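Peer 1: Position in the sequence shown (from 1) plus 31 gives the number in my numbering.
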Amino acid sequence: METDQDVPAGLQPQVEGALSWINATQGETYSLTSLIGHEKALEAKAGESYELGLVLCNGEICTREDIRVEPAGDKYLFSFADIKEREIPPLLDPPEGLRSAWIDSVIAKHEFTVMVFYRGLW
Numbered sequence: 032m033e034t035d036q037d038v039p040a041g042l043q044p045q046v047e048g049a050l051s052w053i054n055a056t057q058g059e060t061y062s063l064t065s066l067i068g069h070e071k072a073l074e075a076k077a078g079e080s081y082e083l084g085l086v087l088c089n090g091e092i093c094t095r096e097d098i099r100v101e102p103a104g105d106k107y108l109f110s111f112a113d114i115k116e117r118e119i120p121p122l123l124d125p126p127e128g129l130r131s132a133w134i135d136s137v138i139a140k141h142e143f144t145v146m147v148f149y150r151g152l153w
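(1) Could you tell me which residues DSSP puts in a beta bridge with PHE111?
(2) Would you mind sorting ILE53 into buried or exposed? The rule is 16 or more other CB atoms within 10 Å of its CB.
(3) Determine the direct distance from the alpha carbon of LEU108 to that of GLY58, and round the result to whole angstroms.
(4) Give me the Cα-Cα distance between LEU42 and LYS71, rounded to the nearest whole angstrom.
(5) Looking at the unbroken alpha helix (DSSP H) that takes in THR56, where does it start and where does it end?
(6) Beta-carbon within less than 8 Å of GLN45's beta-carbon, same chain only, minus the 5 sequence neighbours each way: which residues are those?
(7) For ARG95, which of ALA103, PRO102 and VAL86 has the nearest alpha-carbon?
(8) In the DSSP assignment, what residue or residues form a beta bridge with VAL86?
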């Protein structure tokens, strides 16, 4: 699980703001478990927008959200990033009925596939 010490200092306000925005928008109480692709965010020039990948969990349900962060003065504006096709599905445990199609598409892309089961999720 990510802690305040795991989030780079330069991204702390953005990550906290994005998490609060997602929770308010979706009426959830997610907590941050991982940050994806934050290196590009750290390389962004002042005033330039960028994307952050957040892995969030709320009890048994975990999800990945890609958030666009846009600096607006001393604050930030957040929106969901426009992702055409994700290699990692947004719900980390695909809903019933989608699982076999998702597994087939992953197997078709790779020579071998490793599946990890964690507390009933995969």
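From the three backbone atoms N, C-alpha and C, an ideal C-beta is built for every residue, glycine too. Note that this is a predicted model, so its numbers are computed, not measured.
Peer 2: With the structure as the only source:
(1) ILE98
(2) buried
(3) 18 Å
(4) 11 Å
(5) 43-57
(6) ALA72, LEU83, VAL100 and TYR107
(7) VAL86
(8) SER65 and ARG95
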